[in-house]
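These notes concern the structure reproduced below.
Take a look at the structure:
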């Protein structure tokens with residue numbers, strides 16, 4: 019009974035975050051040409067850019083675990099919302115990191131389509 | 002009268018002794034960091050730790066949130082006006098956040114602060130506006146005895162810019178050499 023209550027509470031507390039994530043995703047989807055695709059998102063995540071850079075270099079390959087900044091070695095919180103429920107709930111924050119990291123990794127800004135695809139994939143983790 | 006003198010003589014004697022040993026300890030101290038009795042006093046403040054929430058969030062996400070007192074205001078202004086190429090990385094901020102952080106950094110910069118070592122940094126930097134504290138004359142003089150292999154070539158440190166890797170009191174603003182623990186090496190006593 020207690021366990022049931024605990025999981026119900028956990029679910030309830032996770033609900034606002036899920037709604038916020040959906041709103042962030044929809045913001046990008048609105049500017050995209052086609053519906054967000056998790057499959058395309060995963061491919062983009064591993065796509066090589068400038069100087070062989072890709073997302074996994076800092077975020078790691080297991081996104082349920084912490085990553086590490088390449089130069090300063092500062093830990094980066096896990097990307098997977100299943101272990102880090104705050105992820106992708108704040109549009110301003112998401113936009114800031116897309117802008118910085120797309121430019122660093124690929125040398126250009128990401129399109130709304132690319133952002134929607136990547137979020138769609140990350141939200142499944 | 003005699004009574005009083007008898008009581009005071011040992012006191013005067015011990016005071017004299019204490020002063021003499023303090024002077025002796027100071028004299029033994031080498032150029033860089035030994036503060037004699039200071040090590041027995043409560044934790045000192047070399048650089049006031051950064052405390053602005055936005056600065057901690059935005060800049061501290063990727064690296065140690067350096068105390069503003071490590072660089073003069075002119076340096077922080079230069080730094081904040083070139084965030085799109087921040088030591089080779091993109092660290093752009095929206096205009097409003099950037100303005101807030103610039104104001105915070107410049108108001109607490111080395112040449113605006115009287116805390117701990119900030120005034121020394123400001124004095125030795127002079128009119129320059131360096132972007133790296135680790136390239137200031139002040140920093141170099143304090144670290145000139147540390148071999149590169151213990152820092153740059155040390156896999157657990159990697160760079161002199163990671164203050165917190167060796168200065169265990171960095172979070173509290175204490176950079177005294179007695180709290181230095183170099184990963185894989187230990188205490189640093191020169």
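Chains as they are written, first to last, in this note's numbering: chain A, 19 to 143; chain B, 2 to 191.
A virtual CB, placed ideally from N, CA and C, is assigned to each residue, including glycine.
Practice item. My understanding is that residue 1 (chain B) touches residue 144 (chain B), with C-beta atoms under 8 Å, so please give their C-beta distance in whole angstroms. Key: Because chain B is modelled from 2 through 191, residue 1 (chain B) falls outside the range shown and cannot be assessed.
Review point. Are at least three pairs of beta-carbons, each pair with one atom in the region 151-158 of chain B and one in the region 122-135 of chain B, less than 8 Å apart?
Key: no
Point to revise | Beta carbon proximity, residue 172 (chain B) to chain A, threshold 8 Å | key: no
Exercise for review: Answer yes or no: do residue 77 (chain B) and residue 125 (chain B) have a C-beta to C-beta separation smaller than 8 Å?
Suggested key: no
Practice item. Give the secondary structure of residue 117 (chain A) by DSSP, where H, G and I count as helix, E and B as strand, and everything else as coil. Key: helix
Review point. Where do the N-terminal and C-terminal ends of the alpha helix (DSSP H) with residue 77 (chain A) fall, by residue?
Key: 74-77
Check your understanding: Grouping DSSP H, G and I as helix and E and B as strand, with all else coil, what is residue 147 (chain B)?
Key -> coil
Practice item. Enumerate in chain order the residues of its own chain whose CB-to-CB distance from residue 122 (chain B) is below 6 Å, with the five nearest sequence positions on each side excluded. Key: 111, 139
Check your understanding: When you check each C-beta in the region 111-123 of chain A against every C-beta of chain B, which residues fall closer than 8 Å?
Key -> 114, 117, 118, 119, 121, 122
Check your understanding: Between the region 156-170 of chain B and chain A, which residues of the former have a C-beta closer than 7 Å to a C-beta of the latter?
Key -> 159, 163
Exercise for review: Evaluate the contact criterion for the region 124-139 of chain A versus the region 35-48 of chain A: three or more CB pairs, one atom per stretch, below 8 Å.
Suggested key: yes
Review point. At what residues does the alpha helix (DSSP H) containing residue 133 (chain A) begin and finish?
Key: 130-140
Check your understanding: So is the beta-carbon of residue 106 (chain A) under 7 Å away from any non-hydrogen atom of the ligand COA?
Key -> Among the components modelled here there is no ligand, and therefore nothing to report on the ligand COA.
Review point. Is the Cβ of residue 105 (chain A) closer than 8 Å to any Cβ of chain B?
Key: no
Practice item. Give the DSSP-derived three-state secondary structure of residue 99 (chain A) in the structure shown. Key: coil
Check your understanding: Counting only beta-carbon atoms, is residue 92 (chain B) nearer than 8 Å to chain A?
Key -> yes
**Study point:** Residues near residue 181 (chain B) in its chain [Cβ-Cβ closer than 8 Å; skip 5 each side]
**Key:** 167, 168, 169, 188, 189
Practice item. Verify the CB distance criterion: does residue 64 (chain B) have a CB-CB separation below 8 Å to chain A? Key: yes
Practice item. Leaving aside the five residues before and after residue 77 (chain A) along the sequence, list all residues of the same chain whose C-beta is less than 7 Å from its C-beta, in chain order. Key: 85, 94, 97
**Study point:** Option nearest residue 111 (chain A) by Cα separation, candidates B:119, B:83, B:62, B:118
**Key:** B:62
Practice item. For residue 114 (chain B), count neighbouring C-beta atoms within 10 Å of its own C-beta (all shown protein chains included) and say buried if the count is 16 or more, exposed if not. Key: buried
Review point. Going along the chain, which unbroken runs of the alpha helix (DSSP H) with 4 or more residues stay wholly within the region 94-171 of chain B?
Key: 96-108, 119-126, 138-144, 164-167
Point to revise | Test item: CB-CB of residue 59 (chain A) and residue 124 (chain A) under 8 Å | key: no
Point to revise | Local conformation of residue 59 (chain B) per DSSP, three classes | key: helix
Point to revise | Any C-beta of chain B under 8 Å from that of residue 77 (chain A) | key: no
Practice item. Give the interface partners of residue 92 (chain A) over in chain B, defined as CB-CB distance under 8 Å, in chain order. Key: 62, 63, 64, 65
Check your understanding: Whose C-beta lies closer than 7 Å to the C-beta of residue 134 (chain A) among residues of the same chain, with five residues either side of it excluded?
Key -> 43, 46, 47, 50, 54
Practice item. Go to residue 74 (chain B), then tell me how far its alpha helix (DSSP H) extends in each direction, as first and last residue. Key: 74-81
Point to revise | Interface partners of residue 87 (chain A) on chain B, CB under 7 Å | key: 63
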